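J.: To get this note's numbering, take the position in the sequence shown, counting from 1, and add 96. From the three backbone atoms N, C-alpha and C, an ideal C-beta is built for every residue, glycine too. Given the structure is predicted, the values throughout are model-derived calculations rather than measurements.
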Amino acid sequence: METVNQKEEYVVSEIESSIKHLSDERVKHAIVAQGYVREYVMDFLRSRGYIEIPPIIISPLTDPLNHPVYDPRIHAYGGDMWITKSMIFHKQIAVQELKKIFIMSPNIRLEQEERSATGRHLYEFSQIDVEALDKSREEMMDLAEDLIIYTIDRIKKEHPEELKYFHRELPDYKKPFDKITYADAEKKYGRDFEKKLSLEAKSPVWLIDIPLREREFYDREYPDKPGILRDMDLIYPEGYQEASSGGEREFELSKILERIHKKDQTEEQFKWFIELAKHGIKLSTGFGIGIERFTRFICGVERIEDVSPFPKIPGKISL
Ligand code: ASP
Ligand code: MG
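#1: For a test of the three-state rule: what should DSSP assign to Y332, helix, strand or coil?
#2: Once you ignore the five residues that flank V226 on each side, which residues in its own chain have a CB closer than 6 Å to its CB?
#3: Using a Cβ distance threshold of 8 Å, determine whether the stretch 321–335 contacts the stretch 294–308, with at least three qualifying pairs required.
#4: Tell me the DSSP secondary structure of M177 in three-state form.
#5: Tell me whether the stretch 246–264 and the stretch 134–143 touch, counting them as touching only if at least three CB pairs, one residue from each stretch, are closer than 8 Å.
#6: Please indicate yes or no: does the CB of D181 lie closer than 8 Å to some heavy atom of the ligand ASP?
#7: Three or more C-beta pairs closer than 8 Å, one from the stretch 208–222 and one from the stretch 385–402: is that the case here?
#8: Report yes if the C-beta of L161 is less than 8 Å from at least one heavy atom of the ligand MG; otherwise report no.
#9: Determine the extent of the beta strand (DSSP E) in which V123 is found, giving its start and end residues.
#10: Touch check for the stretch 262–275 and the stretch 153–161: three-plus C-beta pairs under 8 Å?
#11: Alpha carbon to alpha carbon, how far is Q188 from K374? Give it in angstroms, no decimals.
#12: Can you check whether the CB of R233 is closer than 9 Å to the CB of L308?
#13: If contacts are defined as beta-carbon pairs under 8 Å, then I248 and I413 qualify, I think. What distance do you get, rounded to the angstrom?
#14: Runs of 3 residues minimum, wholly inside the stretch 326–414: which ones carry the beta strand (DSSP E) assignment?
#15: Is Y332 close to chain C? Criterion is C-beta to C-beta, closer than 9 Å.
#16: So, W39 versus I154, is the Cβ gap smaller than 9 Å?
#17: Helix, strand or coil, according to DSSP, for L229 in the structure here?
#18: Whose C-alpha, out of E338, K291, I224, E344, is nearest the C-alpha of R142?
#19: With DSSP as the reference, identify every bridge partner of T277, one or two as the case may be.
Following this line, the structure appears as structure tokens:
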């Protein structure tokens, strides 16, 4: 049966709206700004000795994520591979040898239809994915703060015309950014606190010590606080919400297995990673910052599709 998304009228109207979208002056300015964001975050990481590695698009091993998405599987050569949802495992592996790495990585996460309304979700987007060996969460938070401050500062200095176009005035954020634990945020603002925390914040703020139920199995637990992870999300101020997620990664085989089971996942699904852990991996820590969300925040635009030339909004097949 032909579905709505395949009908000829659908294609005609989508092409029309795509052309209209690209001709919108706001969209053009936001695309230009996104180009600067990409350039500056990479310049910054290179200046700190981080090595760029290319993204991986298909693999038998990818991020399980902690929320349901449609899962594009590719069957070939007598086995299954998936379109990667993040570089998480590849960066954990590559960093063992390369020590400090980053990837400007396209991500496909086929989010469920409800997420079309958030203004913050695209099912195809990019993130700057960063990882370093033998570094603590605190050291990587410091790096992420420098990265955010550097990028905003450079746009303000080198391309004030783009911020002016959007009537956007951004303060000079100072580090260290404030931190709040997940438990304290829940106590202060209630269960769905992210939006409230973000609206109240005057500067980007760290959400730390996230419970395992809210995250994937691969981040490291506090040795003395079972169920609480040594991870960190960065939240933008002004209601823009999540900037980044990251954490220290688990490297002990027994803990990896235990948490795969706790999350009701199967060893079969992660057999490539388990095999690697058997060979031995060392502690690494990293984070990923969504590029479209960063651009949206910098320009102060409401909807994320306005920073993307070909926005993929959950629930819709788009060019
Ligand atoms: N790559 C992870 C993600 O996409 C972020 C991280 O933990 O580094 O959520
Ligand atoms: Mg994440």
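T.: Once the coordinates are examined:
#1: In the structure shown, Y332 falls within a strand segment according to DSSP collapsed to helix, strand and coil.
#2: So the qualifying residues of the chain are F198, G382, F383.
#3: Yes, since at least three Cβ pairs between the stretch 321–335 and the stretch 294–308 fall closer than 8 Å, the two stretches touch.
#4: In the structure shown, M177 sits in a strand (DSSP, three-state: E or B).
#5: Touching, yes.
#6: Reading off the sequence shown, one finds Lys at residue 181, where the question assumed Asp. Yes, the ligand ASP has a heavy atom inside 8 Å of this Cβ.
#7: The stretch 208–222, when compared against the stretch 385–402, does touch it at the 8 Å Cβ threshold.
#8: It does: the Cβ of L161 is within 8 Å (strictly closer) of some heavy atom of the ligand MG.
#9: Segment 121–143 is the alpha helix (DSSP H) holding V123; no beta strand (DSSP E) there.
#10: No, because fewer than three Cβ pairs between the stretch 262–275 and the stretch 153–161 fall closer than 8 Å, the two stretches do not touch.
#11: Between K374 and Q188, the C-alpha separation is close to 14 Å.
#12: It is not a contact, given that the beta carbons lie outside the stated cut-off.
#13: The pair is not a contact, with the Cβ atoms about 35 Å apart (cut-off 8 Å).
#14: Counting only runs of 3+ residues, the beta strand (DSSP E) found wholly inside the stretch 326–414 occupies 327–332, 337–344, 380–386, in chain order.
#15: Among the chains in the structure shown there is no chain C, since it carries only a single protein chain.
#16: With the chain running from 97 to 415 in the structure shown, residue 39 is simply not present.
#17: When DSSP states are grouped into helix, strand and coil, L229 belongs to the strand group.
#18: The residue from E338, K291, I224, E344 with its alpha-carbon nearest to that of R142 is I224.
#19: According to DSSP, which records beta bridges pairwise, T277 is partnered with I304.
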